[in-house]
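Q: If you scroll down you'll find the structure; I have some questions about it.
There are 2 protein chains.
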Amino acid sequence: MSISLEMFGDRWSLLIIRDLMIRGFRTFKEFQESGEEIATNILADRLRKLEAGGIITADAEQTDGRKVNYRLTEKGIDLAPVLLELLIWGARHEKTEAPCALIEQMEKNRERILAEVRRRWRERDPAPLQVRGQWRWP
Amino acid sequence: MSISLEMFGDRWSLLIIRDLMIRGFRTFKEFQESGEEIATNILADRLRKLEAGGIITADAEQTDGRKVNYRLTEKGIDLAPVLLELLIWGARHEKTEAPCALIEQMEKNRERILAEVRRRWRERDPAPLQVRGQWRWP
DNA sequence: CAATATCGCTTGCATTTTGCAAGTTACCTT
DNA sequence: AAGGTAACTTGCAAAATGCAAGCGATATTG
Numbered sequence: 033m034s035i036s037l038e039m040f041g042d043r044w045s046l047l048i049i050r051d052l053m054i055r056g057f058r059t060f061k062e063f064q065e066s067g068e069e070i071a072t073n074i075l076a077d078r079l080r081k082l083e084a085g086g087i088i089t090a091d092a093e094q095t096d097g098r099k100v101n102y103r104l105t106e107k108g109i110d111l112a113p114v115l116l117e118l119l120i121w122g123a124r125h126e127k128t129e130a131p132c133a134l135i136e137q138m139e140k141n142r143e144r145i146l147a148e149v150r151r152r153w154r155e156r157d158p159a160p161l162q163v164r165g166q167w168r169w170p
Numbered sequence: 033m034s035i036s037l038e039m040f041g042d043r044w045s046l047l048i049i050r051d052l053m054i055r056g057f058r059t060f061k062e063f064q065e066s067g068e069e070i071a072t073n074i075l076a077d078r079l080r081k082l083e084a085g086g087i088i089t090a091d092a093e094q095t096d097g098r099k100v101n102y103r104l105t106e107k108g109i110d111l112a113p114v115l116l117e118l119l120i121w122g123a124r125h126e127k128t129e130a131p132c133a134l135i136e137q138m139e140k141n142r143e144r145i146l147a148e149v150r151r152r153w154r155e156r157d158p159a160p161l162q163v164r165g166q167w168r169w170p
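So this is what it looks like as structure tokens:
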């Protein structure tokens with residue numbers, strides 16, 4: 033029962049997936065300016081590898097030929113439960129900013145949050161789940 | 033909502049955690065000989081960092097002063113849901129060996145498997161995880 | 001239409017991390 | 001006492017990463 037080292041073996045891939053899934057990122061520039069400080073050569077390399085691994089797709093935008101839209105595939109969006117559990121764990125064990133209510137929220141609403149993430153993906157809704165550092169989930 | 037790069041930012045930490053949690057590994061030598069081909073200096077470094085991060089403990093064994101027993105802390109065992117979701121995802125998307133039954137097993141028995149993992153941790157049961165003797169985790 | 005800006009990269013090189021083989025130290029067995 | 005074993009450490013080579021600059025294809029502006 034092995035762990036895919038394709039994304040969990042490096043520092044950036046999972047952050048890219050999270051940003052696609054939760055923050056609603058779509059373009060190279062958004063990743064570049066996200067404050068994560070990822071170098072552009074590494075970003076290009078990781079996007080290439082995630083695409084090769086069937087986790088994201090890269091399509092040129094219609095209205096602007098320079099832009100490329102990156103999106104999660106079904107395989108990619110199926111990582112939502114992993115991400116959610118990871119965020120729950122992080123909130124419980126790694127945060128100092130009173131996260132207790134948040135943890136309860138996330139655990140109680142696990143299925144609802146996952147459903148919402150999947151709905152957004154299906155409908156190509158680009159709005160982030162997270163707004164200005166605050167959770168929008170009721 | 034950030035992802036802990038302490039373990040998810042490198043190639044080996046998560047494998048070490050999995051081996052502690054599921055395969056029942058306890059000692060340096062077991063990791064060394066697990067077939068993962070991790071270099072001993074890196075292994076020592078990762079064990080040190082996981083300990084510093086509060087995810088594992090390192091205790092000298094009573095009966096043999098050379099041996100060190102590594103175990104997950106509560107913070108560490110709380111990663112079980114993450115691991116399980118990751119294994120489910122891997123089984124669904126990355127395996128060729130007829131995993132359909134296995135996926136169903138894992139998804140249907142999610143809570144039972146987690147309970148079993150936690151029980152073994154609580155009782156310090158070193159046996160690798162099996163589910164009702166039906167199948168093993170290689 | 002020409003000049004300029006933007007987007008998604010690539011390139012060259014310095015720095016950091018990793019991998020490999022060979023020790024080293026403390027402890028255990030005979 | 002001699003030899004083996006467990007858990008490391010060390011030195012050096014190889015690979016991955018980070019950084020700054022540049023490049024080609026659009027798009028926008030004047």
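Keeping their order, the protein sequence lines are chains A and B.
Counting in the numbering used here, the first sequence runs from 33 upward without gaps.
Counting in the numbering used here, the second sequence runs from 33 upward without gaps.
No residue lacks a Cβ here, since even glycine has one placed at the ideal position from N, Cα and C.
Counting Cβ pairs, one atom from each stretch, are 3 or more of them under 8 angstroms apart for the stretch 57 to 72 of chain A and the stretch 143 to 154 of chain B?
A: The stretch 57 to 72 of chain A, when compared against the stretch 143 to 154 of chain B, does not touch it at the 8 angstroms Cβ threshold.
Q: For A92 of chain A, does the three-state DSSP call read helix, strand or coil?
A: Looking at A92 of chain A - three-state DSSP - the assignment turns out to be strand.
Q: Rounded to whole angstroms, what is the Cα-Cα separation between G165 of chain B and K127 of chain B?
A: In this prediction, G165 of chain B has a pLDDT of 49, which is less than 50 and means its spatial position is unreliable; what the coordinates show is noted afterwards. So the alpha carbons of these two residues sit roughly 22 angstroms apart.
Q: For N101 of chain A, which residues does DSSP report across the bridge?
A: In DSSP, N101 of chain A forms a bridge with A:D91.
Q: Answer yes or no: do S45 of chain B and M53 of chain B have a C-beta to C-beta separation smaller than 7 angstroms?
A: No; because the gap between Cβ atoms is not below 7 angstroms, this pair is not in contact.
Q: Could you work out which residues of chain A lie near P158 of chain B, taking near to mean beta carbons separated by less than 7 angstroms?
A: Neighbours of P158 of chain B on chain A: none; closest Cβ ~18 angstroms, over 7 angstroms.
Q: I'd like to know whether the C-beta atoms of A92 of chain A and Y102 of chain A end up nearer to each other than 7 angstroms.
A: Contact: no.
Q: Report the rounded CA-to-CA distance for A112 of chain B versus R142 of chain A, giving the unit in angstroms.
A: If you take the alpha carbons of A112 of chain B and R142 of chain A, they lie about 16 angstroms apart.
Q: Within the continuous alpha helix (DSSP H) that includes T59 of chain B, where are the two ends?
A: Note, T59 of chain B: premise wrong, no alpha helix (DSSP H); not H, not E.
Q: Taking any Cβ of chain A, which residues in the stretch 41 to 63 of chain B have a Cβ under 8 angstroms from it, in chain order?
A: So the close ones are G41, D42, R43, L46, L47, R50 and I54.
Q: Along chain A, which residues have their Cβ under 9 angstroms away from the Cβ of I145 of chain B?
A: Within chain A, no residue comes near I145 of chain B; the closest Cβ sits about 12 angstroms away, beyond 9 angstroms.
Q: Comparing the C-beta of G122 of chain A with each C-beta of chain B, is any distance below 7 angstroms?
A: Yes - at least one Cβ of chain B is within 7 angstroms of the one on G122 of chain A.
Q: Using a threshold of 7 angstroms, state whether the C-beta atoms of E65 of chain A and L47 of chain A are closer than that.
A: Not closer than 7 angstroms, so no.
Q: Please classify R156 of chain B: does DSSP put it in a helix, a strand, or coil?
A: Residue state, collapsed to three classes: coil.
Q: Report yes if the C-beta of E139 of chain A is less than 6 angstroms from at least one heavy atom of the ligand SAH; otherwise report no.
A: Of the ligands one can find in the structure shown there are none, so the ligand SAH has no counterpart to examine.
Q: Given G85 of chain B, which residues of its chain have a CB within under 6 angstroms of its CB, disregarding the five upstream and five downstream residues?
A: Counting only Cβ-Cβ distances below 6 angstroms, and skipping sequence neighbours, we find E38.
Q: Are the C-beta atoms of K140 of chain A and some chain B residue less than 7 angstroms apart?
A: By this cut-off, K140 of chain A is not an interface position.
Q: Using a 10 Å radius around the Cβ and a threshold of 16 neighbouring Cβ atoms, would you call P158 of chain A buried or exposed?
A: That one is exposed.
Q: Please name the residue in B:E117, B:R154 and B:I88 whose C-alpha comes closest to that of T105 of chain B.
A: Per the Cα distances, B:I88.
Q: Start and end of the alpha helix (DSSP H) containing A84 of chain A?
A: It spans T72 to A84 - the alpha helix (DSSP H) in which A84 of chain A sits, taken as one unbroken run.
Q: Anyone know if the C-beta pair for D110 of chain B and W121 of chain A falls short of 7 angstroms?
A: Yes; because the gap between Cβ atoms is below 7 angstroms, this pair is in contact.
Q: In angstroms with no decimal places, state the Cα-to-Cα distance between E117 of chain B and L115 of chain A.
A: The alpha-carbon atoms of E117 of chain B and L115 of chain A are separated by roughly 9 angstroms.
Q: Against chain B, which members of the stretch 71 to 89 of chain A pass a CB distance test of less than 7 angstroms?
A: Residues: none.
Q: Helix, strand or coil for E139 of chain A, going by three-state DSSP, please let me know.
A: If DSSP states are grouped into helix, strand and coil, E139 of chain A belongs with the helices.
Q: Contact check, F63 of chain A vs I70 of chain A under 8 angstroms by CB: the rounded distance?
A: 7 angstroms between Cβ atoms; contact.
Q: Out of curiosity, what's the CA-to-CA distance linking G97 of chain B and R78 of chain A?
A: For G97 of chain B and R78 of chain A, the distance between alpha carbons rounds to 45 angstroms.
Q: Please check if any C-beta of chain A sits within less than 7 angstroms of the C-beta of M33 of chain B.
A: Chain A contact via Cβ: present.
Q: Residues of chain B with CB under 8 angstroms from D110 of chain A, in chain order?
A: Within 8 angstroms Cβ-Cβ: W121, R124 and H125.
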